[in-house]
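In the working numbering, the protein residues as written are 8 to 216. What follows is a single structure, written as structure tokens, with notes after it.
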Amino acid sequence: MFDIPNGRFMNKTKEHILNTCFSLFLSKSFKEVTMREIVSATGLSKGAFYHYFKSKEQLFIEVVNTFYFDKMVIDYGKLNSDSLLKFYHEYVDLIKEYMVAFKSFINFNDPKAHINYLTMMFDALKLFPGFREKVKEHHKHELNAWISVIKKARKAGEFSSPMSDTQIARFFIYTNDGVSLHHLLHGNLNVAVTEMLKIWNTFYKELKD
């Protein structure tokens, strides 16, 4: 058993709890996981665990904040915006990196884990008062980032299309959402990125022609 950490070990212990619980919530649903299981899985004493989290609900909200917003949100400012082609290819490369990291938490061959990832989102809507607004804000930021790059690419003569910048941006975003959800439900999320890139490459070619 670990004891309550001090100083520089505190954040590391909290991160350990969050990582462990994210895996638990993926292997089971939020409702199925008990506090006893959580404490046991972390390897912490009860006192050490409750030093960080007083309830399963508080822990769940922190897990959602960490893995749906802090760790999984794309930093669009770091992507190459010199061209639309470079932008979406770097986006895909970043998603691949996230998928590699994600594999340490989810068994890609376990369909139940994929479903539990979705279930976590619906549970968050019920338990996390600010979750819906944070998602909306993220979607707004995402759309604006794509529109900005597309507008710049059109102005530079990279492509010509009767579609508006917003329509093109939404195509990239919605195909990403749709392909990911489709493969998530079918339990083969590992092929989603490859398929998405094929669709984007075909769409980009149509924009250029």
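Where a beta carbon is used, it is the ideal one built from N, C-alpha and C, also for glycine. These numbers were taken from a predicted model, which means no experiment stands behind them.
Residue span of the alpha helix (DSSP H) that contains residue i, given as start and end
i           : result
residue 54  : 53-59
residue 48  : 42-49
residue 104 : 91-109
residue 184 : 172-192
residue 211 : 199-215
residue 20  : 16-34
residue 165 : First-last for residue 165: undefined, no H or E at that position.
residue 63  : 63-71
8 Å contact criterion, which residue i and residue j should meet: CB distance rounded
i           : j           : result
residue 73  : residue 25  : 5 Å
residue 154 : residue 176 : 5 Å
residue 28  : residue 71  : 11 Å between Cβ atoms; not a contact.
residue 86  : residue 75  : Not really, about 20 Å apart at Cβ, beyond 8 Å.
residue 200 : residue 103 : 6 Å
Spatial neighbours of residue i in its chain, beta-carbon cut-off 8 Å, leaving aside the 5 residues before and after
i           : result
residue 126 : 36 and 37
residue 218 : Within the shown structure, residues of the chain are numbered from 8 to 216, placing residue 218 beyond reach of any answer.
Sequence-distant residues of the same chain with beta carbon closer than 7 Å to residue i, five excluded per side
i           : result
residue 79  : 105
residue 10  : Its pLDDT being 31, under 50, residue 10 is placed unreliably in this model, and the value from its coordinates should be taken loosely. Taken in chain order, the residues that qualify are 52 and 55.
residue 21  : 59
residue 33  : 112, 113, 120, 123 and 124
residue 68  : 134 and 135
residue 210 : 178
residue 94  : 86, 87, 88 and 156
residue 183 : 203
residue 42  : 63
Close-in-space but distant-in-sequence residues of the same chain around residue i (CB under 6 Å, 5 per side omitted)
i           : result
residue 214 : 166 and 168
residue 96  : none
residue 187 : 199
residue 12  : Caution is warranted here: a pLDDT of 33 is assigned to residue 12, below 50, making its placement in the model unreliable, and the coordinate value is therefore given only provisionally. Around residue 12: 20.
Do the region 137-151 and the region 40-54 touch if we need at least three Cβ pairs shorter than 8 Å? At 8 Å Cβ cutoff, the stretches do not touch.
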